[in-house]
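J.: Start counting the sequence shown at 1; every next residue gets the next number (the UniProt record's numbering). Glycine included, C-beta positions come from ideal geometry on N, C-alpha and C. Given the structure is predicted, the values throughout are model-derived calculations rather than measurements.
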Amino acid sequence: MASSSGSGTLPGNTVTYPKEDLKGITTRSSVAYQGPTIPTPSKVVKQEMSFEISFTDALILMPKFASTLKALIGNKEKLSETARTPMNEH
1 MASSSGSGTL
11 PGNTVTYPKE
21 DLKGITTRSS
31 VAYQGPTIPT
41 PSKVVKQEMS
51 FEISFTDALI
61 LMPKFASTLK
71 ALIGNKEKLS
81 ETARTPMNEH
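1. Taking only three categories from DSSP, how would you classify Lys-64?
2. DSSP three-state label for Glu-48, please.
3. Compute the distance between the beta-carbons of residue 127 and Leu-61, then report whether it is under 9 Å.
Put into structure tokens, the structure is as follows:
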């Protein structure tokens with residue numbers, strides 16, 4: 001059953017919390033607390049990579065990576081199935 005109590009508009013005197021303006025907290029005893037410093041993530045430096053390998057060498061090395069590629073493809077299919085699972089089934 002849906003309840004109709006509490007529905008309607010918000011009062012006109014609501015004030016949004018100005019989070020971006022909060023710089024520190026001062027207590028009654030005038031002790032200021034600036035809060036913890038938040039570390040900024042370092043910028044990721046992207047490097048361009050290139051490989052020079054002959055076609056025959058690639059064919060020779062291909063069987064060695066077959067199991068790795070098969071595992072990666074299998075994991076990708078499992079992730080796709082999980083992403084398509086509706087939330088209300090569980």
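T.: Per the coordinate set shown:
1. Helix, per DSSP.
2. Glu-48: coil per DSSP, three-state reduction.
3. Look at the range of the chain in this structure, 1 to 90, and you will see that residue 127 is not part of it.
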